[in-house]
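K.L.:
Handing you this structure, nothing more for now.
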Amino acid sequence: MDFHPPTTECLPRSFYLQDTVEVARQLLGKELVYEHPQLGTLSGIIVETEAYLGNQDPACHSFNNRRTPRTETMFGLGGFSYVYFIYGMYHCFNVVTMNEGEPEAVLIRALEPRLGLGRLMSRCKPGTKPHQLLNGPGKLCKTLEINREHNALDLCQSPIVIRQAEETCHSMEIEITPRIGIGSTGDAAHWPLRFLCSGHPCLSPVKSPNYL
Numbered sequence: 001m002d003f004h005p006p007t008t009e010c011l012p013r014s015f016y017l018q019d020t021v022e023v024a025r026q027l028l029g030k031e032l033v034y035e036h037p038q039l040g041t042l043s044g045i046i047v048e049t050e051a052y053l054g055n056q057d058p059a060c061h062s063f064n065n066r067r068t069p070r071t072e073t074m075f076g077l078g079g080f081s082y083v084y085f086i087y088g089m090y091h092c093f094n095v096v097t098m099n100e101g102e103p104e105a106v107l108i109r110a111l112e113p114r115l116g117l118g119r120l121m122s123r124c125k126p127g128t129k130p131h132q133l134l135n136g137p138g139k140l141c142k143t144l145e146i147n148r149e150h151n152a153l154d155l156c157q158s159p160i161v162i163r164q165a166e167e168t169c170h171s172m173e174i175e176i177t178p179r180i181g182i183g184s185t186g187d188a189a190h191w192p193l194r195f196l197c198s199g200h201p202c203l204s205p206v207k208s209p210n211y212l
């Protein structure tokens, strides 16, 4: 697949090299921009994230320094995408953080649609509301057509970048909760590592432990 970077200024590499929890918090209100090969420029404001803390985090794919073909991207330099397939159904889009050899990442859980909203709506089933397009990590990847081909992209120079938004999300009051769908990870299931714009209509609905 041929990729063409969007003509927009993106967050610098140094942003992603910060502490992972800080990156997860500071990503709220930023704009994810994807230069889609067929649909043109698509974007959404990040309204929900989760931090995954690598070697020390039982909920993280790289826990106990687990280095596999799947997790290899996490061991690289911060500022690259980490896209994985889960439950045989969903892709999830993550941002790698920290320095090389520190395999941590932030999961993008939900976006508020911005650029290309009409184009996305035209491809959805009748009755879909704008706030339902990108409100969940699996759903946003399905709607934007993000998959494993988008793994290991440099978010400083690729078709997918993250930038400062001209207009931020409706609510910038930050709420912090435990992460979703990781109940089998012991105490880590209770760590306050999910960050969201409180009360935002585009948040992922929490219907079940494994909701995506």
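Note that this note's numbering has the sequence shown beginning at 1, numbered continuously upward. Here a beta-carbon is modelled for each residue, glycine too, at the ideal position from N, C-alpha and C.
Just verifying my parser: in three-state terms, what is the DSSP assignment at Asn147?
P.N.:
Coil.
K.L.:
Please identify the residue among Asn55, Thr41, Ile46, Cys60 whose C-alpha is closest to the C-alpha of Gly183.
P.N.:
Per the Cα distances, Cys60.
K.L.:
Just how far apart, CA to CA, sit Leu117 and Arg123?
P.N.:
Rounded to the nearest angstrom, the two C-alpha atoms are 10 Å apart.
K.L.:
Under the DSSP definition of a beta bridge, which residues are partnered with Cys197?
P.N.:
Paired residues: Ile174.
K.L.:
Under 8 Å Cβ to Cβ from Asn99, same chain only, skipping five residues before and after it: list those, please.
P.N.:
Correct list, in chain order: Leu17, Leu77, Gly78.
K.L.:
Can you tell me the Cα-Cα spacing of Val23 and Phe15, whole angstroms?
P.N.:
Whole-angstrom Cα-Cα distance: 7 Å.
K.L.:
Would you check if the segment 92–108 and the segment 48–58 touch, i.e. whether three or more CB-CB distances between them fall below 8 Å?
P.N.:
Yes: at least three Cβ pairs fall under 8 Å.
K.L.:
Could you give the first and the last residue of the continuous beta strand (DSSP E) run that contains Phe85?
P.N.:
Its beta strand (DSSP E) spans residues 81–86.
K.L.:
Would Thr68 pass as a contact of Ala152 if the rule is Cβ separation under 8 Å?
P.N.:
The answer is no: Cβ separation not under 8 Å.
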